[in-house]
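Residue numbers (the working numbering): 20 to 572. Think of the CB as a built atom: it goes at the ideal place given N, C-alpha and C, for glycine as much as any other residue. Fair warning: this is a prediction, and the values are worked out from it, not measured in the lab. Notes for the one structure printed next.
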Amino acid sequence: MSQTMPWWTGTVIYQLIVRSFADGNGDGIGDFKGLASRLPYLRWLGVKTLWLTPTYPSPLRDGGYDITDFKDIHPDLGDLASFHRFLTAAHSQGMRVILDLVLNHTSDLHPWFQRARWAPKGSTERDVYVWSDDPSRYSDAPVLFRHFEASNWEWDPVAEQYYLHRFLSHQPDLNYANPWVQEAMLEVVDFWLERGVDGFRLDAVPFLFEEEGTRCEGLPETHAFLRRLRARVDAMGREVLLLGEAIQPVQEAAPYLAKDELHGAFNFVLTAHLFAAVASGSTRQLGDCLNEAEHAVDGPRWALPLRNHDELWLGDGHLIPDEVIQSIRVGLPQGQGHWLNWGINRRLAPLLNGDPRSNRLLHGLIYSLPGMPCLYYGDELGMGDWPGLRDRDPNRTPMAWTPARNGGFSSAPDPLLVLPPITAPGYDYRVVNVEVQKQLPGSLLNWHRRMLTCRRLLPALAHGSLQLLPCSHPGALVYVRATEAMTVLVAGNVTAAGASFSLDLTAWEGLRTREVMWGCEFPLASREWFVNLSPYGINWWLIGEVDTAVPVS
Ligand code: NOJ
Ligand code: CA
């Protein structure tokens, strides 16, 4: 790979929740000691970047996105020293670590908010948050957590004013129009960079500023602050990844990727279209969506998640067309119930009816598309969920390591566990766990590991161009990723039936083709090159002579 490419080009991001990953001190809660002990697993799996959901002190009323101190570690998870030990160990094993940076709001228990509500109206201390005497202000801004909140304003009896909260009512929005707030948050960034972190996943970036008569999303002032943030991290003199969470249509998310703003942003529209393709058995809209994303930005700058710690966000018709949402709701077995806020509150495996073929298909696509594929902890096993738990906790249960008690997550008695391990039929941790799947050559886990190995050996997948190839089969998606030195052909079938079709490979006429995963020779490329894909099948082929040897084990 060229020397000029930053470290995150094509990196595979593994998202995990520290308190649900591995418990190192037996109190039932995952922590940095436990996470550090599981780094060899992550290295073995082959992921290169770890994204940790918030690890700051917090009353945990929103999974840690309600923060009371931006410059410390939640005592359940350890302290700054154990964080440092973990970070050093991750670096020494070749992994990067990015933290969740929650810019938009704090917990209402944050000392800044407590000071603000007692401070005189109009004072700098009060103005650290957004206040109003009138709760109809900014009425064009949608309520985001519509199953929990009726309004974006909450009355504070001490301040005798309403405060703005774009998320939950205990998460007051910081007032970025106050220069003190901007500087304070930039100091938070300095603090963690000085401690060696490699970047940030920026939570809820569109909402930093407000303006009457708008949806209060992506305002020019918000972009101006993000440019300040970028200049600040650039001043550190090392490569720091800024990855934005902007749940927006591609055309609205793309401006965050301007040259002097963020390096990457999640493409949630693509996520929805991937599920819609499997649900409807058609790839037409998925292809359009890929083309749009590709043309909207330069380089592989989109992060590509399938699932994460939130609901599968489908939006209010603003994000993706209603008919796409309908196809997901009707076509996915678990898409009809479990609706939360603007999406479906299930993990990947149950959404796909526990079918490992569609797990492989969807990951095989994101692992071979331009950008940064994101793997949510447990999805490499096809881990299940607990739909009965509150809020988004169904998707946040402990990682399954072994068939032993608590899935090897913790030695604590059951009632102390952060959340119950999965024992649901078909997903029981005694079967679906790392130890068992490691031993089975055909397991989902071993498939993920092998695909990630292949991806590392094929630079065209990390930074090559993308070209969609025309295909007569409505349920197939076919594309080529290419650099000057290497061409990789990918074909996936989103239907539950086999797919048979021919591709016009005239551009590569006469060149050898070799399936990547097992290295089998296929017929020479030709004008009518036949492809047979099994139900939900996916294949990667190398076209032409390439030295890359993908190991067989
Ligand atoms: C987005 C996070 O992903 C979600 O979990 C959180 O509730 C909101 N931001 C508010 O911080
Ligand atoms: Ca613990």
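Any non-hydrogen atom of ligand 3 within 6 angstroms of residue i CB
i    : result
A322 : With respect to small molecules bound, the structure shown includes ligand 1 and ligand 2 and not ligand 3.
C-alpha distance - residue i paired with residue j, whole-angstrom precision
i    : j    : result
T502 : A481 : 10 angstroms
G397 : Q456 : 12 angstroms
R531 : V207 : 53 angstroms
L221 : W559 : 33 angstroms
H110 : R546 : 48 angstroms
R326 : H357 : 15 angstroms
R214 : G256 : 14 angstroms
V19  : A265 : The displayed coordinates of the chain run from 20 to 572. Any statement about residue 19 would go beyond what the structure contains.
Q267 : L338 : 6 angstroms
Q112 : R62  : 7 angstroms
Q355 : Q345 : 9 angstroms
D85  : Y75  : 9 angstroms
A196 : L227 : 9 angstroms
S429 : P239 : 47 angstroms
V453 : A291 : 28 angstroms
L106 : L522 : 47 angstroms
E534 : F520 : 17 angstroms
S572 : V162 : Since pLDDT at S572 reaches only 42, below the 50 mark, its modelled position is unreliable, and no value is offered.
W466 : D127 : 45 angstroms
N171 : L394 : 32 angstroms
L388 : A504 : 18 angstroms
N360 : D335 : 9 angstroms
K90  : A223 : 19 angstroms
H282 : F210 : 20 angstroms
E12  : N372 : Outside the displayed span of the chain (20 to 572) sits residue 12, for which this structure offers no information.
F244 : D88  : 21 angstroms
T23  : G427 : 42 angstroms
F51  : H189 : 27 angstroms
G43  : R246 : 39 angstroms
Y382 : P375 : Tyr is not the amino acid found at residue 382; the sequence shown has His there. The alpha-carbon atoms of H382 and P375 are separated by roughly 10 angstroms.
A203 : P130 : 13 angstroms
G82  : F549 : 49 angstroms
L289 : R365 : 18 angstroms
M391 : L459 : 28 angstroms
For residue i, the nearest candidate out of the options (CA to CA)
i    : options                   : result
L581 : S151, L187 and V216       : Outside the displayed span of the chain (20 to 572) sits residue 581, for which this structure offers no information.
Y148 : D159, L122 and S170       : L122
L7   : E231, V31, W199 and A265  : Residue 7 is absent from the structure shown; the chain starts at 20 and stops at 572.
Q34  : V550, F285 and W211       : F285
D595 : D152, D159 and L370       : Here the chain comprises residues numbered 20 to 572, so residue 595 is not present and cannot be evaluated.
I562 : W27, R424 and P542        : P542
L260 : R249, V269 and N171       : R249
G49  : C393, M418, Q458 and A443 : M418
L309 : P59, V497, I117 and L64   : V497
E231 : E258, G237, R156 and F244 : R156
R57  : T72, L71, F40 and P73     : F40
D95  : H103, S77 and D81         : S77
G494 : Q304, H184 and E173       : Q304
L524 : D341, A544 and Y275       : A544
D412 : W537, R424, L436 and M391 : L436
V37  : W27, G65, D98 and R469    : D98
Contact under 7 angstroms by Cβ, residue i with residue j
i    : j    : result
W332 : F287 : yes
E399 : L464 : yes
L438 : T416 : yes
L552 : A515 : no
V177 : R145 : no
A322 : V269 : no
N378 : G350 : no
I117 : G47  : no
G511 : L384 : yes
A296 : V499 : no
G362 : E330 : yes
P191 : Y182 : yes
T72  : H328 : yes
G141 : A431 : no
Cβ of residue i within 7 angstroms of any chain D Cβ
i   : result
D98 : In the structure shown, chain D cannot be found, because there is only a single protein chain.
With a floor of 3 residues, list each beta strand (DSSP E) that falls wholly inside the stretch 197 to 245, ordered by position along the chain.
-> 218 to 222
Inside the stretch 107 to 174 only - alpha helix (DSSP H) runs reaching at least 4 residues | 130 to 137
Mind pulling the alpha helix (DSSP H) runs of 4 or more residues that sit fully within the stretch 513 to 537?
-> none
Whole beta strand (DSSP E) runs in the stretch 418 to 457 with 3 or more residues, listed along the chain?
-> none
Would you mind listing the alpha helix (DSSP H) stretches within the stretch 468 to 494 that are 4+ residues and don't spill past its ends, in chain order?
-> 478 to 482
Unbroken stretches of the alpha helix (DSSP H), 4 residues or longer, contained in the stretch 302 to 373 = 303 to 315, 341 to 350 and 367 to 370
Nearest-residue set for ligand 2, Cβ under 5 angstroms from any heavy atom = D42, N44, D46, I48 and D50
Go through the stretch 275 to 299 residue by residue and report every complete run of the alpha helix (DSSP H) that reaches 4 residues or more, in order.
-> 287 to 299
Mind pulling the beta strand (DSSP E) runs of 3 or more residues that sit fully within the stretch 59 to 108?
-> 68 to 71
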